[in-house]
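Asks: Right, I'll just put the structure down here and ask away after.
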Amino acid sequence: MVHIGVGIVRLPQIRESVASVSHRQHVFEVDHMPALLRTLSSANKHQIDLDNLVHAMPMTLRKHTRDLTELTAKVEALLSDVASLRDQVSHNESTLNDRTQSIDYLLGRVEFVRRELMFEMRYGAREIQPDGDAIEVKAEILSQDKLEAARRDGIRLNLGCGHVPLDGYLNVDRRALPGVDVVSEVDGLPFGKGELTEIFSAHLLEHFPEEQLRRELLPYFFGLLAVGGELKAIVPDAEAMIREYTNGTYPYEDLREVLYGGQDYDGDFHFNMFTPESMVKLLTEAGFETPTILERGRKNGRCYEFEITARKPAANVQAS
């Protein structure tokens, strides 16, 4: 009975609690449940999308990988083509440069030979005797004023100048070419002993045989020079040419032409070849002192050349 009484007493409170719970349930069902269902639905949709994305990712990745591989192959092929084209262009440029140099050289040779032939045809610097021997040219001073000025400052000769006269020198050739000051053979110059300050020649000495140089020409030059006078010569460098030929960097045709001369006309034959050491020996034997190599292995057109200088010593040094 006590419990029944307590229950009766608390019944209003229980009813109020039940009503409150019913109200909250109603609010939840009306207000919160739809939003929760929408949230769950949206989450479920995102989960489905995520699952689809996860499933599709390997396929997409494989496709992109294939595309990337194809693009890489194409790029590498293009790079290879570009490298091949560069090599071809470089080769073509090298070939063009070589052919241009060859053409320039040939044009120069043609022009040189043309001028030689025209001069011989017009002036006939050499006459041929019936027995076939050439008459020596009679020495002649063409520039007397220049010679007198040179006597005051010291006579410097440029022997065998051809078509390349030099400033500061009396230019000597066996032909009266433009710029020539003295017409003469190089072994019959119109000068006395000890009268010259310097004798210079470029690609002249190789036109004489070894024994003629040793026994006649170099001693003759030595006698013409004053004490302290200088002999300077530029000649083909056989050592450098043979070395480059052996290394495969110097064509046989160039080696043959430089060693033996172009042989396009009578004065274009070579009868000798030198190394720097062989020329030092020749000059020393002729009495010159301090032979010095100024340049060696220098490229000049198709030729490698060296330049040497030596002086005539004082009389007491010669005597010793």
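Residues in the sequence shown are numbered from 74 upward in steps of one, following this note's numbering.
Every residue, glycine too, gets a C-beta built ideally from N, C-alpha and C.
1. Is it a yes or a no for the segment 337-345 touching the segment 299-306, going by three-plus beta-carbon pairs under 8 Å?
2. From E380 to D226, what does the alpha carbon distance come to, in whole angstroms?
3. Give every residue of the same chain whose Cβ lies closer than 8 Å to the Cβ of I81, excluding the five residues on either side of it in the sequence, and list them in chain order.
4. Which same chain residues end up closer than 8 Å to A388 when comparing Cβ atoms and leaving out the 5 residues on each side of it in sequence?
5. Given that a residue counts as buried once 16 or more other Cβ atoms are within 10 Å of its Cβ, and exposed if not, what is Y325?
6. For the beta strand (DSSP E) holding I273, just list the boundary residues, first then last.
7. Within the continuous beta strand (DSSP E) that includes V210, where are the two ends?
8. Do F344 and F294 have their CB atoms nearer than 8 Å?
9. Which residue marks the beginning of the alpha helix (DSSP H) containing V353, and which one marks its end?
10. For C376, list the residues DSSP reports as bridge partners.
11. Enumerate, from N- to C-terminal direction, the unbroken alpha helix (DSSP H) stretches of 4 or more residues contained entirely within the segment 132-174.
12. Please return the same chain residues whose Cβ sits closer than 8 Å to the Cβ of K266, not counting the five positions on each side in sequence.
13. Could you name each continuous beta strand (DSSP E) segment of 3 residues or more that falls completely within the segment 272-330, going from the start of the chain to the end?
14. Quick one, are the C-beta atoms of P386 and R369 less than 8 Å apart?
15. Mapping the DSSP letters down to three states, classify E362 as helix, strand or coil.
16. Measuring only the C-alpha atoms, how far is V256 from D310?
17. Is DSSP giving V253 helix, strand or coil here?
18. Buried or exposed, going by whether 16 or more other CB atoms sit within 10 Å of the CB of D34?
19. For A383, which of helix, strand or coil comes out of DSSP?
20. May I ask you to verify whether the segment 232-247 touches the segment 267-280, counting CB pairs closer than 8 Å and requiring at least 3?
21. Just to check my reading of the structure: L355 and L286 have Cβ atoms closer than 8 Å, yes? What is that Cβ distance to the nearest angstrom?
22. Let me know the secondary structure DSSP gives D246 once reduced to three states.
23. For N244, does the count of other Cβ atoms within 10 angstroms reach 16, so buried, or fall short, so exposed?
24. Which residues in the same chain have their Cβ closer than 7 Å to the Cβ of F361, if we skip the five residues on either side of it in sequence?
25. Can you tell me where the beta strand (DSSP E) with V232 in it begins and where it stops?
26. Taking the beta carbon of L180 as the centre, do at least 16 other beta carbons fall within 10 Å, making it buried, or is it exposed?
27. Where does E200 fall in DSSP's three states?
28. Report yes if the C-beta of L179 is less than 7 Å from at least one heavy atom of the ligand GDP; otherwise report no.
29. Just mark E149 as buried or exposed, buried being the case when its beta carbon has 16 or more other beta carbons within 10 Å.
30. Using beta-carbon positions only, say whether P72 and I214 come within less than 8 Å of one another.
Replies: On the basis of the coordinates in this document:
1. no
2. For the purposes of this step, residue 380 is taken as residue 307 along the sequence shown, with counting starting at 1. For the purposes of this step, residue 226 is taken as residue 153 along the sequence shown, with counting starting at 1. The alpha-carbon atoms of E380 and D226 are separated by roughly 24 Å.
3. For the purposes of this step, residue 81 is taken as residue 8 along the sequence shown, with counting starting at 1. Excluding sequence neighbours, I81 sits near nothing in its chain.
4. Taking the first residue of the sequence shown as 1, we reach residue 388 at position 315. Cβ neighbours of A388 beyond the five flanking positions: V300.
5. Against the sequence shown, residue 325 aligns to sequence position 252. When all chains shown are included, Y325 counts as exposed.
6. The sequence position of residue 273 within the sequence shown is 200, counting from 1. For clarity, residue 273 is Phe in the given sequence; the question names Ile instead. From DSSP, the beta strand (DSSP E) with F273 extends over L269 to A275.
7. Here residue 210 refers to the residue found at position 137 of the sequence shown. Unbroken run through V210: none, as it is neither H nor E.
8. As a position in the sequence shown, residue 344 is number 271, starting the count at 1. As a position in the sequence shown, residue 294 is number 221, starting the count at 1. Cβ distance not < 8 Å, so F344 and F294 don't count as in contact.
9. In the sequence shown, counting from the first residue as 1, residue 353 sits at position 280. Its alpha helix (DSSP H) spans residues P349 to E358.
10. Counted from its first residue, the sequence shown places residue 376 at position 303. BP columns for C376 point to N373.
11. none
12. Position 193 of the sequence shown, counted from the start, is the residue given in the question as residue 266. Within the same chain, K266 has close Cβ partners G296 and L297.
13. 298-309
14. Along the sequence shown, one-based indexing puts residue 386 at 313. Along the sequence shown, one-based indexing puts residue 369 at 296. No, they are not a contact pair.
15. Residue 362 sits at position 289 when you count from the first residue of the sequence shown. DSSP places E362 in strand when its eight states are reduced to three.
16. What you label residue 256 is simply residue 183 of the sequence shown in a count that begins at 1. What you label residue 310 is simply residue 237 of the sequence shown in a count that begins at 1. Near 28 Å, if we compare the C-alpha coordinates of D310 and V256.
17. Numbered from 1 along the sequence shown, position 180 holds the residue referred to as residue 253. In this structure, V253 counts as coil in the three-state DSSP scheme.
18. Absent from the structure is residue 34, since the part of the chain shown begins at 74 and ends at 393.
19. Position 310 of the sequence shown holds residue 383. Three-state result, A383: strand.
20. yes
21. Mapped onto the sequence shown, residue 355 falls at position 282. Mapped onto the sequence shown, residue 286 falls at position 213. Yes, they are in contact, since the Cβ atoms of L355 and L286 sit about 6 Å apart, within 8 Å.
22. The residue given as residue 246 occupies position 173 in the sequence shown. Correct three-state label for D246: strand.
23. Mapped onto the sequence shown, residue 244 falls at position 171. N244 is buried by the Cβ-count criterion.
24. Translated into positions along the sequence shown, residue 361 becomes position 288. If we look at F361 and ignore the five residues flanking it on each side, its Cβ neighbours are F295, L304, A383, R384 and K385.
25. Numbered from 1 along the sequence shown, position 159 holds the residue referred to as residue 232. Reading off the sequence, residue 232 comes out as Leu, not Val. L232 -> beta strand (DSSP E) spans I228 to L232.
26. Translated into positions along the sequence shown, residue 180 becomes position 107. L180 should be labelled exposed.
27. Within the sequence shown, residue 200 is the residue found at index 127, counting from 1. Note that E200 scores a pLDDT of 44, beneath 50, so its modelled location is shaky; the value from the coordinates is reported in the next line. In the structure shown, E200 sits in coil (DSSP, three-state: anything other than H, G, I, E or B).
28. The ligand GDP is absent from the structure shown, which contains no ligands of any kind.
29. Start at 1 with the first residue of the sequence shown, and residue 149 comes out as number 76. Result: exposed.
30. Examination of residue 72 is not possible in this model, given that the chain is present from 74 through 393 alone.
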